[in-house]
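Numbering (numbering that gives the first Met the number 0), first residue to last: 0 to 291.
Step one of this worksheet: look at the structure below.
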Amino acid sequence: MGIVANAALAGNTHKFNGNVAFTGEGDAVVDLRAGGRLYVQKSLYGNENITLVKKGSGTLQNSEGYAPLNTAKTAYKEARDYTGGYYPNRKFVFKGVKLQEGELDLRQYYWIWNCDFQFDGDGAGLAINKLVADLGTNSLELSGCKFRETTNVTSTSHYVTANDPTCYIHFMGTMDDTSFSGLFKGAAGICWCPENSATFTFRKTVSPTTGILTVSNGTIRVAEGAGFTALSSVTVAGANSRFKVEEDAMWNIPAPFILDDGGKINVADGICVSIASLTVDGTPVTAGLYNG
Numbered sequence: 000m001g002i003v004a005n006a007a008l009a010g011n012t013h014k015f016n017g018n019v020a021f022t023g024e025g026d027a028v029v030d031l032r033a034g035g036r037l038y039v040q041k042s043l044y045g046n047e048n049i050t051l052v053k054k055g056s057g058t059l060q061n062s063e064g065y066a067p068l069n070t071a072k073t074a075y076k077e078a079r080d081y082t083g084g085y086y087p088n089r090k091f092v093f094k095g096v097k098l099q100e101g102e103l104d105l106r107q108y109y110w111i112w113n114c115d116f117q118f119d120g121d122g123a124g125l126a127i128n129k130l131v132a133d134l135g136t137n138s139l140e141l142s143g144c145k146f147r148e149t150t151n152v153t154s155t156s157h158y159v160t161a162n163d164p165t166c167y168i169h170f171m172g173t174m175d176d177t178s179f180s181g182l183f184k185g186a187a188g189i190c191w192c193p194e195n196s197a198t199f200t201f202r203k204t205v206s207p208t209t210g211i212l213t214v215s216n217g218t219i220r221v222a223e224g225a226g227f228t229a230l231s232s233v234t235v236a237g238a239n240s241r242f243k244v245e246e247d248a249m250w251n252i253p254a255p256f257i258l259d260d261g262g263k264i265n266v267a268d269g270i271c272v273s274i275a276s277l278t279v280d281g282t283p284v285t286a287g288l289y290n291g
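Rendered as structure tokens:
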């Protein structure tokens with residue numbers, strides 16, 4: 000089951016001013032074969048038995064829709080604090096999402112539970128973009144979700160992107176260890192805050208993102224030639240929080256580092272990491288090369 004759009008969509012934005020709901024189970028395929036953008040203005044959802052598959056070179060964009068939990072829970076904060084369901088007032092419920100080609104553009108904040116996000120093809124993208132200035136928190140919040148690459152990914156051309164510094168992915172809940180070899184670009188960033196001690200590993204690619212990188216629990220690990228050229232900041236806060244740089248990573252990370260409440264940078268033996276500045280519990284420390 001699914002949606003297929005051909006040449007009529009190429010280069011254009013087509014808007015659907017309504018809800019798109021997939022029922023049953025299995026894969027729900029959205030195949031935008033000729034480029035362009037398909038804009039679902041209200042809710043896009045299935046259920047916990049359906050995987051959304053994004054195919055084709057075009058972009059699937061979802062935003063502005065209202066699907067309240069009930070008439071009493073329409074505000075974002077009210078819905079986000081509701082732990083008995085899957086979704087806030089923007090409804091996006093799937094067993095998983097497979098990004099095979101093109102881009103899935105989530106232009107509004109979402110709180111998504113127990114969804115398996117798979118980068119399943121080269122050149123596939125996930126966008127976490129800001130729609131307008133006054134609609135509240137602009138992060139994609141993934142609670143207990145998986146975030147991974149499949150064997151169909153052979154290059155480092157897949158990516159996560161954002162259009163504003165307030166756009167980032169907030170990982171929370173019980174997470175599996177995750178690795179990512181694609182690009183973080185634009186203003187896309189991460190707040191890594193699993194309830195357990197899970198690790199997010201950047202591999203193979205030097206990301207040009209100007210976004211944030213925050214570790215509030217668990218570990219962010221940089222390895223296999225990965226690195227960053229333009230991060231706005233790296234914050235490691237909490238006794239169980241670690242930012243690890245391996246011997247085979249890029250050693251120059253030109254960003255301000257902030258360590259609070261016992262957060263640590265772990266550097267592999269035998270290497271020195273160059274950073275722009277270091278602040279520990281509010282006190283600036285002399286910039287330079289750090290090891291150990």
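We treat Cβ as the ideally placed atom computed from N, Cα and C, and that holds for glycine.
Identified DSSP bridge partners for residue i
i    : result
F199 : T177, I219
Q60  : Y38, D104
E148 : F118
I274 : I252
D26  : T50
G95  : T50, D115
H13  : L37
N265 : K243
T160 : A126, K184
G226 : V205
Delimiting residues of the beta strand (DSSP E) encompassing residue i
i    : result
N251 : 251–259
N141 : What sits at residue 141 in the sequence shown is Leu, not Asn. That run of the beta strand (DSSP E) goes 139–142.
C190 : 188–191
L125 : 124–126
S232 : 232–236
G210 : From DSSP, G210 is part of no beta strand (DSSP E); its letter is neither H nor E.
F21  : No beta strand (DSSP E) contains F21, which DSSP labels as neither H nor E.
T282 : 282–284
7 Å Cβ shell around residue i - same chain, five flanking residues per side excluded
i    : result
A187 : I127, V159, T160, A161, C166, Y167, T208, G210
E24  : N48, I49
D26  : T50, V52
N151 : D119, G120
T173 : G143, P193, E194, N195
L43  : V19, N61, F91
Environment of residue i [buried if 16+ CB atoms lie within 10 Å]
i    : result
P253 : exposed
D260 : exposed
C271 : exposed
N11  : exposed
P283 : exposed
V92  : buried
K54  : buried
K301 : No information on residue 301 is available, as it lies outside the stretch 0 to 291 that the chain covers here.
S180 : buried
A225 : buried
E100 : buried
N61  : buried
N216 : buried
A222 : buried
A248 : buried
T22  : exposed
A238 : exposed
G269 : exposed
G45  : buried
T153 : exposed
V279 : exposed
G185 : buried
G35  : buried
Spatial neighbours of residue i in its chain, beta-carbon cut-off 6 Å, leaving aside the 5 residues before and after
i    : result
R241 : T218, K263, N265
M171 : S142, C192
G17  : K41
L277 : F256, V284
H157 : F118, A123, G181
H13  : L37
D163 : K129, A186
Anticipated Cβ contact below 8 Å, residue i with residue j, distance rounded
i    : j    : result
I189 : L141 : That belief does not hold up - the Cβ atoms of I189 and L141 are roughly 10 Å apart, past 8 Å.
T228 : V205 : 6 Å
E102 : T149 : Contact flag wrong, Cβ pair sits at about 17 Å.
R220 : E245 : 7 Å
K203 : T155 : 5 Å
Cβ shell of residue i (< 8 Å), same chain only, five flanking positions each side left out
i    : result
F116 : G95, V96, L98, L125, L141, C144, K145, F146, R147
S138 : Y108, I127, T165, C166, Y167, I168, H169, C190
CB contact below 8 Å: residue i versus chain B
i    : result
G262 : The chain labelled as chain B is not found in the depicted structure, where only one protein chain is given.
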